[in-house]
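Numbering (this note's numbering), first residue to last: 67 to 224.
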């Protein structure tokens, strides 16, 4: 019992999981800020449609960021909060192209691919250590985002 944390998971494996969740948090945080930039700066004939979709997306990302940070805390670790640290560990980079709607959607799809890939890794790890809470969270996120990938891809006619 000494090697178990407060929720009954192996301390060492929980630390590994919390580290990977912090990497996910970094990716989500930069994705969130990019999406806010798209929302604020979008121009062109799809302005009204994309302005609303980007707001929907960043609102959802904000909730997920909070969920991930709280999951890290539940595992007994501290969520990272510094953007400088996010930039070091995130596969998603700050977007420079924020006015072109089509490029914004392409960047959103690339970001989702990175995030879904990380979530699949977390799904595997959480399954290995019996962490149903993290496992369910990742499973729900993946299911939602796979549908969004399909929808954004259809928008681009891909």
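Built from N, CA and C at the ideal position, the CB exists for glycine as well.
Mapping the DSSP letters down to three states, classify residue i as helix, strand or coil.
i           : result
residue 87  : helix
residue 223 : coil
residue 109 : strand
residue 197 : coil
residue 142 : coil
residue 183 : helix
residue 160 : coil
residue 148 : coil
Counting only the same chain and skipping the five closest in sequence on each side, list residues whose C-beta sits under 8 angstroms from that of residue i.
i           : result
residue 98  : 124, 127, 128, 131
residue 205 : 189
residue 107 : 164, 165
residue 169 : 163
residue 220 : none
residue 138 : 84, 87, 88, 91, 144, 145
What does DSSP give as the partner residues of residue i in its beta bridges?
i           : result
residue 126 : Note: residue 126 sits in no beta bridge, so no partner.
residue 70  : 76
residue 206 : Beta-bridge pairing links residue 206 to no other residue.
residue 166 : 109
Residues in its own chain within less than 6 angstroms of residue i by CB, not counting five upstream and five downstream?
i           : result
residue 155 : 89, 92
residue 211 : 178, 182
Any heavy atom of the ligand ZN within a distance shorter than 8 angstroms of the CB on residue i?
i           : result
residue 199 : Although the ligand ZN was asked about, the structure shown includes no ligands whatsoever.
If you drop the 5 nearest sequence neighbours on each side, which residues of the same chain put their C-beta closer than 7 angstroms to that of residue i?
i           : result
residue 161 : 100, 103, 173
residue 69  : 76, 77
residue 28  : Residue 28 lies beyond the residue range present for the chain, which begins at 67 and ends at 224; the question has no answer from this structure.
Are the C-beta of residue i and some C-beta of chain B separated by less than 9 angstroms?
i           : result
residue 178 : Of the protein chains in this structure there is only one, and it is not chain B.
Taking the CB atoms as reference points, tell me whether residue i and residue j lie closer together than 9 angstroms.
i           : j           : result
residue 166 : residue 119 : no
residue 192 : residue 143 : no
residue 145 : residue 135 : yes
residue 71  : residue 141 : yes
residue 183 : residue 96  : no
residue 94  : residue 171 : no
residue 83  : residue 195 : yes
residue 214 : residue 133 : no
* Asked: Within the chosen definition, does the stretch 177-197 reach the stretch 106-123 through at least 3 CB pairs nearer than 8 angstroms?
  -> no
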